[in-house]
Amino acid sequence: MKRFVFCLLLAIPMTRLAAQSLDECRRLAREHYPEIRQYDLIAQTEQYDLSNAAKAWIPQIVLSGQAMWQNVAVNFPEAFSEMLAQQGLHIPGMRKDQYKVALDVSQTIWDGGQSKANRTIAEADAAEQRSRLDVSLYDLQARVDGLYFGILLLDEQVAQVEAKIGLLESNLSRMQVYRKNGVAMQADVDAVEAELLASRQSLGQIEASRASYRRMLELFIGCRLRDDALERPVLREAKSHLSAHPQLAWYDAQHEKLEAQRDAVRSSLTPRFSAFAQGFYGYPGLDMFKSMVSADWQLNAIVGVRMSWNIGAFYTKRNNLGKIDAAQRQIDVQRDIFLFNTQVQTAQDDGEIARLRKAVTEDTRIVELRRSVRMAAESKLENGVIDATDLLQKITDETSAILNRSTHEIELLQAVYRLKHTLNQ
82 MKRFVFCLLL
92 AIPMTRLAAQ
102 SLDECRRLAR
112 EHYPEIRQYD
122 LIAQTEQYDL
132 SNAAKAWIPQ
142 IVLSGQAMWQ
152 NVAVNFPEAF
162 SEMLAQQGLH
172 IPGMRKDQYK
182 VALDVSQTIW
192 DGGQSKANRT
202 IAEADAAEQR
212 SRLDVSLYDL
222 QARVDGLYFG
232 ILLLDEQVAQ
242 VEAKIGLLES
252 NLSRMQVYRK
262 NGVAMQADVD
272 AVEAELLASR
282 QSLGQIEASR
292 ASYRRMLELF
302 IGCRLRDDAL
312 ERPVLREAKS
322 HLSAHPQLAW
332 YDAQHEKLEA
342 QRDAVRSSLT
352 PRFSAFAQGF
362 YGYPGLDMFK
372 SMVSADWQLN
382 AIVGVRMSWN
392 IGAFYTKRNN
402 LGKIDAAQRQ
412 IDVQRDIFLF
422 NTQVQTAQDD
432 GEIARLRKAV
442 TEDTRIVELR
452 RSVRMAAESK
462 LENGVIDATD
472 LLQKITDETS
482 AILNRSTHEI
492 ELLQAVYRLK
502 HTLNQ
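Note that the working numbering has the sequence shown beginning at 82, numbered continuously upward.
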């Protein structure tokens, strides 16, 4: 809702707002990126898994029924049956068709820590997924930064080309006056006008590129950018150490998940104890002699305590724990690779920052000299000492010097923020 109101304000042409900041673009991009919705899905899945693990302690109830026929049924030996018949007792024995409707209830007493291990795995798995998502969204920040600083560079190019156009228009007017007074030739006027048209053409191309970059950034943040220029970030020095990085947190979460799996393997080695009760109605019943005399259905019940121990878990214990150890060593290797690459990238960024600082310092002096030369050239042109071609060259040199300085300043900002991103600062 807040983002909708914010976008609505951006769409109002008459509203004057401050320039869009880099931090604001990062925040909007993170909120708008479709992957952000996975946080809620991960939380829902975690709750389902935890709920399933907790239900292991709820009594398990099974309702069953069966009807069967067997080719042989329990009966007295023939000689014994004849003796009973002589006494007037007729016992037909059990029938070969049997029926049962049963209700089984089982309550876990001790599961060897399996349900606790399942809960730990569910929590660790959700934490690992969230950490992986943090890494993905952190990489999104670098993409937003690239577009943002790209727009700033294009803004500077637009500003310098517009300044150059202003100089050319001013000198074109002067050249037209000189031609009327016979001081300059038509070729000089044409040369300045041609350079002016070329600069306007270049301005159109740069503005088209800037519009494309702005459109891409708008897609990332889910809102229209303000019409005025983007705000240039403040140059804040990066610290020399690596802060808590999402990538490192992801490796830690993977370790925790594997440790939870290790506990699950150990819990599978312990015996399980449970209480059970069974009640069934059918034929034959537990009283076998009564069932041999009568085919009536009986109501029966059994209660007891059960112990089960899967000895086969010992066969695979070593291999399962070995796989977990190997997976943890792989994570450690990935962590070392990440730290090594971070050190290399940090050294590269430090060198680039030092180079750009020196360039910006030199650019300031170069701009002063180029401006002085251009102003002198305008004076010489007015006195007929040089022609328009020489003046155009001096204007181009000054414009290039100013553009180089602005470009180096923005590149320095970008290098510093790239270093801060690398070190998570």
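Built from N, CA and C at the ideal position, the CB exists for glycine as well.
Keep in mind that this is a model prediction, so the values were computed, not measured.
Per DSSP, the bridge partner or partners of Lys181
BP columns for Lys181 point to Gln147, Gly363.
DSSP beta-bridge partners for Ile434?
As far as DSSP is concerned, Ile434 takes part in no beta bridge.
Using the Cβ count rule (16 or more neighbours within 10 Å means buried), how would you classify Arg548?
For the chain, the structure presents residues 82 to 506; residue 548 sits outside this window and is missing.
Which two residues bound the contiguous alpha helix (DSSP H) that contains Ile139?
Counting along the chain, Ile139 falls outside any alpha helix (DSSP H), and DSSP gives it neither H nor E.
Euclidean distance between Cα positions of Ser342 and Ala408
Sequence check: residue 342 is Gln here, not Ser. Computed Cα separation, rounded: 11 Å.
Quick one: is Leu367 buried, meaning 16 or more other Cβ sit within 10 Å of its Cβ, or exposed?
By the Cβ neighbour-count rule, Leu367 is exposed, with fewer than 16 other Cβ atoms within 10 Å of its own.
Taking the CB atoms as reference points, tell me whether Val273 and Leu249 lie closer together than 8 Å.
Taking 8 Å as the cut-off, the beta carbon of Val273 is found closer than this to the beta carbon of Leu249.
Just mark Leu462 as buried or exposed, buried being the case when its beta carbon has 16 or more other beta carbons within 10 Å.
It is buried - the Cβ of Leu462 has at least 16 other Cβ atoms within 10 Å.
Three-state class that DSSP yields for Ser389 in the structure shown:
Three-state result, Ser389: strand.
If I measure Cβ to Cβ from Ser102 and keep anything under 7 Å in the same chain, skipping five residues before and after, which residues do I get?
Within the same chain, Ser102 has close Cβ partners Glu312.
Between the Cα of Gln179 and the Cα atoms of Gly263, Asp309, Asp377, Glu112, which residue gives the shortest distance?
When only C-alpha atoms are compared, the closest one is Asp377.
Enumerate, from N- to C-terminal direction, the unbroken alpha helix (DSSP H) stretches of 4 or more residues contained entirely within the segment 177 to 255.
Considered as a whole, the segment 177 to 255 harbours no complete run of any alpha helix (DSSP H) with no fewer than 4 residues.
Would you report the Cα separation of Pro115 and Arg291, rounded to the nearest angstrom?
Whole-angstrom Cα-Cα distance: 25 Å.
Between the CA atoms of Arg255 and Asp271 - distance to the nearest angstrom:
Linking Asp271 to Arg255 through their CA atoms gives a straight-line distance of about 13 Å.
To the nearest angstrom, how far is the alpha carbon of Ser132 from that of Leu500?
Looking at the two C-alpha atoms, the distance is approximately 44 Å.
Alpha-carbon spacing of Leu402 relative to Ala198, whole angstroms:
For Leu402 and Ala198, the gap between their C-alpha atoms comes out near 15 Å.
What are the boundary residues of the alpha helix (DSSP H) that includes Trp331?
From DSSP, the alpha helix (DSSP H) with Trp331 extends over 327 to 348.
So Ile491 packs on Leu234, CB below 8 Å; how close in whole Å?
Contact holds; Cβ gap of about 5 Å.
In the structure shown, what three-state DSSP assignment does Arg486 receive?
Here Arg486 carries a helix assignment [DSSP, helix/strand/coil].
Backbone CA spacing between Ala99 and Ser293 [nearest angstrom]:
A caution first: Ala99 carries a pLDDT of 37, below 50, which makes its placement in the model too unreliable to give a value.
In terms of alpha-carbon separation, which member of Tyr498, Asp471, Pro365 lies closest to Pro314?
Taking only the C-alpha atoms, the option nearest Pro314 is Tyr498.
Let me know if Asp430 comes out buried or exposed under the rule of 16 or more other beta-carbons within 10 Å of its beta-carbon.
The residue is buried, with at least 16 neighbouring Cβ atoms inside 10 Å.
Can you give me the start and stop residues for the alpha helix (DSSP H) that Asp377 sits inside?
Run containing Asp377: none; DSSP gives neither H nor E here.
Out of curiosity, what's the CA-to-CA distance linking Ala137 and Ala124?
Those two C-alpha atoms are separated by around 21 Å.
Starting from Asp269, follow the alpha helix (DSSP H) in both directions and report where the run begins and ends.
267 to 302 is the span of the alpha helix (DSSP H), which, as asked, contains Asp269.
What residue does the alpha helix (DSSP H) around Asp308 start on, and which one ends it?
Asp308: not part of any alpha helix (DSSP H); DSSP gives it neither H nor E.
Are the segment 375 to 394 and the segment 422 to 429 touching by the rule of at least three beta carbon pairs closer than 8 Å?
Verdict: no, contact absent.
Anyone know if the C-beta pair for Gly174 and Asn152 falls short of 8 Å?
Going by C-beta atoms, Gly174 is not nearer than 8 Å to Asn152.
Taking the DSSP output, what are the residues bridged to Ser355?
Bridge partners of Ser355: Thr189, Arg387.
Nearest-angstrom Cα distance between Ala345 and Cys304?
When rounded, the distance between both Cα atoms is 48 Å.
If you reduce the DSSP assignment to three classes, tell me which class Asp102 lands in.
Position check: residue 102 holds Ser in this sequence, whereas Asp was assumed. Assigned with DSSP and collapsed to three states, Ser102 falls in coil, not helix or strand.
DSSP-derived helix/strand/coil call for Pro173
Secondary structure at Pro173: coil, using DSSP grouped into helix, strand and coil.
Touch check for the segment 356 to 372 and the segment 325 to 332: three-plus C-beta pairs under 8 Å?
With the cut-off at 8 Å, the segment 356 to 372 and the segment 325 to 332 do not touch.
Cutting at 7 Å between CB atoms, please list the residues of its own chain near His502, excluding the five before and the five after it.
Closer than 7 Å at the Cβ level, and outside the excluded window around His502, lie Gln222, Ala223, Asp226.
For Trp191, does the count of other Cβ atoms within 10 angstroms reach 16, so buried, or fall short, so exposed?
With fewer than 16 other CB atoms across the displayed protein chains lying within 10 angstroms of its CB, Trp191 is exposed.
Given this structure, state the Cα-to-Cα distance separating Ser460 from Gly231, to the nearest angstrom.
Spanning the two alpha carbons is a distance of roughly 37 Å.
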